[in-house]
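Chemist: For the record, the sequence lines run as chains A and B.
For the first sequence, my numbering begins at 15 and goes up steadily by one.
For the second sequence, my numbering begins at 177 and goes up steadily by one.
We put the CB at the ideal spot given by N, CA and C, even for glycine.
Owing to the predicted nature of the structure, the values given are computational and were not obtained by experimental measurement.
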Amino acid sequence: MWINIGPQHPSTHGLWDLRIKVNGEVIVDSDPQVGYLHRSVEKICERKEFIMAMPMTERLCYVANMNWTHLYVHAVEKLMNVEVPDRAKWIRVMVCEMNRVASHLFWLGAFVHDIGNLTMFLWPIREREYVLDLLEYITGARMMYNYPRIGGQVKDVDDKFLRRSKVVMDMILERTFEYEKMLDESDMFGVRTKGVGVIDRAMAKNAGLTGPALRACGVDFDVRKATPYWAYGEVDFEVPVYDEGDCFARYRVRLEEIRESCKIVKQCADRMPEGEFIGKAPRVAPKTYAWVRHEDPRGESMCFIMGTGGKNAYRVKFRSPAFVNISALPIMLLGYKIPDVPAVMGSIDVCIGEVDR
Amino acid sequence: MAPANPFDWTYLELCGALNDISYHVVYAVGDLPHNLWNILAASLGMRDRVLAPGDMTFHIGLADWLFVQNREIMVSLIAATLLLMFSLINVLMFIWVERKLLARFMDRRGPMVAGPFGLLQNVWDGMKLMTKENAHPARADMFAFFLCPVILVGSAFAAAGALPMSPKVQIASIDLDLLWVLMLFAFSPYAIFLGGWASYNKFSLIGGMRSAAQMLAGEVPFFLSVGGVILITGSFRFADIVAWQDAHGWLIFAQPLGAILFTIAVLIELERIPFDLPEAESELVEGWTTEYSGLRWGMLWLGGYLRGYVGCAMIVLLFLGGWGMPNYKLGELPLLTPHIIPPVFIFLLKSYLVFAVFVWIRSAYPRLRTDQLLNTGWKRLLPATLVNIAVAGFLVVDQVRPGEVVQTPFGPMSQETVVAWVVGAFTFLAVAALYSMHLLPRVLQPLVSTARMFVQTLGWFGGRPFTVLYPYERLEVPLSERWLHGLSDEKCISCARCCRICPDNCLNMVESQMGQHPDPRFTTRPALDASHCMFCGLCVEVCPTGALTMGPNFELAGFSRDELYWSQDQLMGYDKKTMQEHPAKGEIEVVTWVDKLLYPLLTPVLQFVTPHNYERAKGSHSDANVVSSAVRELAGGKEDERELGLIMDNMSPRSKKAVEMLLAEMRTRRQGPRDVSAWDLRHERKHEPKGSGFGETAPEEDEAA
């Protein structure tokens, strides 16, 4: 019997339809259907000037939009061969990591809510509010920041922001230990997530899984370490890797990533270089192409951009990690039961905005 | 004979008193026509028309039947009605406790607005449910669909009736009280299965089956965990069990294992987290309750919380001493004085405390999968209950020497008590030793974390929840916030860079009507279509003079499409239509505690008294100019604008607003639809260069192909 989980369902993941074929309670097949949120972002980006297309890229993954706007701007800068000043690079690392913290906190809330723990939904959201307040201070908006520009950032960060971010990151670091107490040391959470939704290394690599889901299978691959960009080569951080490949391992990887990102932000706040926050950028792009890859909170995101010689792009293509992660979902669900679906669906962290573009 | 002081009456004596009152009322009403006729006839002097007591009397047969002396049907009806009212109010209070307490565990407040401390929230929610349609699937089996909430709620009320609340309030007491209540609980799997099946919906069916399986797994431990209690006290009657506990100490010390097992079994029966998979939201929408709406769904909630009350009350009666308070003395000093608070309040307080523990458990844990739950039920709970019964049976029943008094460090106790407590401690420690690897750190840690959060958010200890109580408290936003646009007339040089950069084509350059035009060369100003604006701030960045700004005013909701088109004059501040108002706050200025108390109570009434305000707030997007008839009356039926203008100066602000809307409506009626609407202005696209649209590039210019 085919059951439709979606396109309207109360789990807070976005607009998609996960069709599963069940034999009683056991899942024997699954067929995710996406595309309900397709907005032709890539096509729209062809018509607009580079700077005008930035708000479009923001709305790809609305939870982690610093990462997506910076990805696009990085690609445009590579296309136009623009030199970015040091301070801008460090600011970029700082805000991208802050957004990673916010995104993972939101993921944690949604994941645990699906499993049934109502309190643990609100506590990470509350932490995320602090991060959002920080970003609101420098950009002026809580979610659609529109912060990077070609060559740097639109506004500078000041000392108050740096000081406050250190305090907030310290607080979030402390609270992650509180979350561990609520979740790790609880038998009931373990029983719902350990051994559930297992995928092994070979299948994960074959399916193109990237990001925390891949690192939970034992593959030590992080774009920030493999091909460091901006100031990632100079900050000191670890990449958590777990072996089991189940929901619990994915949860652990992301929790530790929150801690690592907090440390990165504190290092950036301490070591922020002086200087310009934006460089000179030309108005038109050459008729060539550029390609850039980043570590998004969901995995490896890429942007390919080709210029026309004019003010807009000929083609923009985004590689969305969540899109590819969803294709691994049928493998993870096979053989498990219907109540495991929210746990597995939540653990791979889909954001349908970037899946459908 | 009933004692003189009404506070010393038992429940039945109270019902008897009400019965007497209602007897007199009913017969007085029934005799009314007779009496009126006699008064009329006597006063008119027509003595031959006066009716004797037996003539032409139409005694209402129902009254005769109700008040028959040996049957006392009315007393039963009054008893049942009082029970109903009490149970309903109790359920509302239980739901209130759940919402507020759960909120504090989650670092937020619960209902705040409806009534003081949000006490009336559930009343309004119930009224809301009453106004909703009782929709049902077309092919549902209506008899079963109808029957499911009836069985649930009916069995819950019957169980609530069997619970005594104090020595004086024993509503219905039979020899097999405990068994009766346990059996009434057992009706629910049947009702839920019926409801799930009758809904003609895959998800409801699955939910119903899961729920039935879960409840069956919970039934057996539920029944057996009270086995120890029955063996020790020797009776099924609640009054006897409470009397035993008064004499020998609370059964939670004699049967700790039984108490814990019973609590877990009650949680399984009530389908509360951690056992609420059948109605889990993230699984299959709402599970077996998916197709229920309106008051039927309200009945399901009512039944659920009523069974919650019955479960908590049973735990209190069986394990926590019922309505008794321990009579501990420290030497000669009484530590607790049981006779000041009436036993009913003690009983209810204890039930609410037990329910608070249920809410605490709900806040701390995720839910278990059905098969994991069944695993727990059959493999863990059931053997523990059997161990409990075995130990109670062998040791307590055989070893006790009734009547003998033993000296203990706690004072002289009867030997029954000592054996019971020793047995209880022994069983508990033995089973805890078996499970101790897991129990304390791994199961109880979340409870500790949530309790800490609860203490942190309480004002008593200097904390407060994280939430901001909008609109009474406002969130502080930084000045760099990108919200409401502002335009400076002096600085704008009509360069239209803002219009060109807007990714969504929201801005248009329009001749300014009310502007001061400091430079006669630059008379056009940008007007903004806020319904398309995404507040990206690009227009502010490119403005060369800094004329266009964005500020921190975020209360920008409009109730019609016209309100979301901000003309250049509005942006500059000359036309104060929507810019200065706070639509979110509505028109009621809430300042003092009186306002906070009164307006939430009066709001449901006010919406019928001041329809123009609430019609506007209901968001009639396409017909914002519809004005209700009440406002027309207010305007006195006058259509002439000049006459209306004369009246308006003396009116209250609310009435002025209403009349302004009336005038606007009259104007639109007279002039017909506007030639140019906001939509047209937005789509004019004067600032886009030709050839930049799709397909507009000539082939020889398109070199990228």
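Would A/T133 pass as a contact of B/M306 if the rule is Cβ separation under 9 Å?
Modeler: Locating residue 133 of chain A in the first sequence gives position 119, counting from the first residue. Locating residue 306 of chain B in the second sequence gives position 130, counting from the first residue. Not in contact: A/T133 and B/M306 (Cβ atoms no closer than 9 Å).
Chemist: Determine whether the Cβ of B/A760 lies closer than 9 Å to any Cβ atom of chain A.
Modeler: Reading the second sequence from its first residue, position 584 is the one you call residue 760 of chain B. With a pLDDT of only 39 at B/A760, under the threshold of 50, the placement of this residue in the model should not be trusted; the figure read from the coordinates follows. It does not; no Cβ of chain A falls within 9 Å.
Chemist: Measure the C-alpha to C-alpha separation of B/G500 and A/E111 and round it to an integer number of angstroms.
Modeler: The count along the second sequence starts at 1 and reaches residue 500 of chain B at position 324. The count along the first sequence starts at 1 and reaches residue 111 of chain A at position 97. Whole-angstrom Cα-Cα distance: 59 Å.
Chemist: Exposed or buried, B/H693, counting other C-beta atoms within 10 Å across all chains shown (16 or more means buried)?
Modeler: Your numbering for residue 693 of chain B matches position 517 in the second sequence. The residue is exposed, with fewer than 16 neighbouring Cβ atoms inside 10 Å.
Chemist: For B/W769, count the other beta carbons within 10 Å of its own beta carbon; 16 or more makes it buried, fewer makes it exposed. Which is it?
Modeler: As a working note, residue 769 of chain B is residue 593 in the second sequence. Under this definition B/W769 is an exposed residue.
Chemist: Would you kindly report the start and end of the unbroken beta strand (DSSP E) that includes A/G151?
Modeler: Walking along the first sequence from the start, residue 151 of chain A turns up at place 137. Reading the sequence as shown, one finds Tyr at residue 151 of chain A and not Gly. It is not in any beta strand (DSSP E) - A/Y151 instead sits in the alpha helix (DSSP H) that spans 133–153.
Chemist: Tell me, please, whether the CB atom of B/L607 is closer than 9 Å to any CB atom in chain A?
Modeler: Within the second sequence, the letter at position 431 stands for residue 607 of chain B. The question names Leu, but residue 607 of chain B is Val in the sequence shown. With 9 Å as the cut-off, B/V607 does not count as an interface residue toward chain A.
Chemist: Against B/G713, what residues of chain A qualify as contacts under a CB-to-CB distance less than 7 Å, listed in chain order?
Modeler: Reading the second sequence from its first residue, position 537 is the one you call residue 713 of chain B. Chain A residues near B/G713: G154, N160.
Chemist: Under DSSP, the beta strand (DSSP E) around B/D705 begins and ends at which residues?
Modeler: Numbered from its first residue, the second sequence carries residue 705 of chain B at position 529. Here the beta strand (DSSP E) through B/D705 covers 700–705.
Chemist: Nearest by alpha-carbon distance to B/L525: which of B/A489, B/P542, B/A540 is it?
Modeler: One-based indexing of the second sequence puts residue 525 of chain B at position 349. Taking only the C-alpha atoms, the option nearest B/L525 is B/A489.
Chemist: Cα separation between B/I669 and B/T721?
Modeler: Along the second sequence, one-based indexing puts residue 669 of chain B at 493. Along the second sequence, one-based indexing puts residue 721 of chain B at 545. Going from the Cα of B/I669 to the Cα of B/T721 covers about 8 Å.
Chemist: Kindly confirm or deny that the stretch 405–418 of chain B and the stretch 466–474 of chain B touch, where touching means at least three C-beta pairs closer than 8 Å.
Modeler: no
Chemist: Is it right to say B/E395 is buried, meaning 16 or more other beta carbons lie within 10 angstroms of its own, or is it exposed?
Modeler: Locating residue 395 of chain B in the second sequence gives position 219, where the first residue counts as 1. The residue is buried, with at least 16 neighbouring Cβ atoms inside 10 Å.
Chemist: Relative to chain B, which residues along the stretch 133–145 of chain A have a C-beta separation below 9 Å, given in chain order?
Modeler: Flagged, chain order: T133, M134, F135, L136, W137, R140, E143.
Chemist: When the distance is taken between beta carbons, is B/R483 closer than 9 Å to B/F570?
Modeler: Indexing the second sequence from 1 puts residue 570 of chain B at position 394. Indexing the second sequence from 1 puts residue 483 of chain B at position 307. No, these two residues do not count as a Cβ contact at 9 Å.
Chemist: Below 8 Å, can you find three or more Cβ-Cβ pairs linking the stretch 518–537 of chain B to the stretch 347–362 of chain B?
Modeler: no
Chemist: Identify each residue in the stretch 279–302 of chain B for which the Cβ-Cβ distance to at least one residue of chain A is less than 8 Å, and report them in chain order.
Modeler: Result list: F281, M282, D283, R284.
Chemist: Show which residues of chain B have a CB atom less than 9 Å away from the CB atom of A/I378.
Modeler: Any answer about residue 378 of chain A is impossible in this case: the structure gives chain A only from 15 up to 371.
Chemist: What do you reckon, are the CB atoms on A/M286 and A/M108 nearer than 9 Å?
Modeler: Reading the first sequence from its first residue, position 272 is the one you call residue 286 of chain A. Reading the first sequence from its first residue, position 94 is the one you call residue 108 of chain A. Their beta carbons are under 9 Å apart, which means A/M286 touches A/M108 by this criterion.
Chemist: Does the beta carbon of A/E143 fall short of 8 Å from some heavy atom of the ligand ADP?
Modeler: For the ligand ADP, the structure offers nothing, since it holds no ligand at all.
Chemist: Which runs of the alpha helix (DSSP H) at least 4 residues long sit entirely within the stretch 486–573 of chain B? Give them in chain order.
Modeler: 519–540, 546–551, 558–567
Chemist: Name the chain B residues that come within less than 8 Å of A/D370, Cβ to Cβ?
Modeler: Reading the first sequence from its first residue, position 356 is the one you call residue 370 of chain A. The premise fails here: A/D370 is roughly 18 Å from chain B at the closest Cβ pair, so nothing lies under 8 Å.
Chemist: Report the residue ranges of all alpha helix (DSSP H) runs contained in full by the stretch 322–410 of chain B; include only those spanning at least 4 residues, in chain order.
Modeler: 353–361, 364–374, 378–400, 403–409, all fully within the stretch 322–410 of chain B.
Chemist: I need the boundaries of the beta strand (DSSP E) containing B/L660, first residue and last residue.
Modeler: On the second sequence, position 484 is the one that residue 660 of chain B refers to. It is not in any beta strand (DSSP E) - B/L660 carries neither H nor E in the DSSP assignment.
Chemist: By the criterion of Cβ-Cβ separation under 8 Å, what are the contact partners of B/R673 in chain A?
Modeler: For the purposes of this step, residue 673 of chain B is taken as residue 497 along the second sequence, with counting starting at 1. The premise fails here: B/R673 is roughly 12 Å from chain A at the closest Cβ pair, so nothing lies under 8 Å.
Chemist: If distances are taken between C-alpha atoms only, which option among B/W241, B/L268, B/G404 comes closest to B/Y528?
Modeler: For the purposes of this step, residue 528 of chain B is identified with residue 352 of the second sequence, where counting begins at 1. When only C-alpha atoms are compared, the closest one is B/L268.
Chemist: Give the secondary structure of B/R217 by DSSP, where H, G and I count as helix, E and B as strand, and everything else as coil.
Modeler: In the second sequence, counting from the first residue as 1, residue 217 of chain B sits at position 41. According to the sequence shown, residue 217 of chain B is Ala rather than Arg. Three-state DSSP puts B/A217 in a helix.
Chemist: Quick one: what does DSSP say B/V802 is sitting in, helix, strand or coil?
Modeler: Position 626 of the second sequence holds residue 802 of chain B. For B/V802, the predicted model reports a pLDDT of 38, less than 50, meaning its position is unreliable; a value from the coordinates is still stated below. Correct three-state label for B/V802: coil.
Chemist: In whole angstroms, what separates the C-alpha of A/L29 from that of A/V48?
Modeler: In the first sequence, residue 29 of chain A corresponds to position 15, counting from 1. In the first sequence, residue 48 of chain A corresponds to position 34, counting from 1. Between A/L29 and A/V48, the C-alpha separation is close to 8 Å.
Chemist: Which residues of the stretch 194–206 of chain A have a Cβ closer than 7 Å to any Cβ of chain B? Give them in chain order.
Modeler: K195, M196, E199, S200, D201, M202, F203, V205, R206
Chemist: Looking at B/P454 and B/W464, is the spacing between their C-beta atoms short of 9 Å?
Modeler: Translated into positions along the second sequence, residue 464 of chain B becomes position 288. Translated into positions along the second sequence, residue 454 of chain B becomes position 278. Yes, they are a contact pair.
Chemist: Going by DSSP, name the residue or residues bridged to A/G166.
Modeler: Working through the first sequence from its first residue, we reach residue 166 of chain A at position 152. Partner(s): A/R163, A/I292.
Chemist: Using a C-beta to C-beta distance shorter than 8 Å, which residues of chain A count as neighbours of B/V619?
Modeler: Counted from its first residue, the second sequence places residue 619 of chain B at position 443. Those within 8 Å of B/V619 in chain A are S200, D201, M202.
Chemist: Within the continuous beta strand (DSSP E) that includes B/E687, where are the two ends?
Modeler: Walking along the second sequence from the start, residue 687 of chain B turns up at place 511. Looking at the DSSP string, the run of the beta strand (DSSP E) that includes B/E687 is 683–687.
Chemist: Any idea if A/H52 is buried or exposed, counting beta-carbon neighbours within 10 angstroms, 16 or more meaning buried?
Modeler: Position 38 of the first sequence, counted from the first residue, corresponds to residue 52 of chain A. So A/H52 ends up on the exposed side.
Chemist: The stretch 649–669 of chain B: which residues have C-beta closer than 8 Å to a C-beta of chain A, in chain order?
Modeler: Within the stretch 649–669 of chain B, contact with chain A at the beta-carbon level (separation under 8 Å) is assigned to V653, P654, S656, E657, R658.
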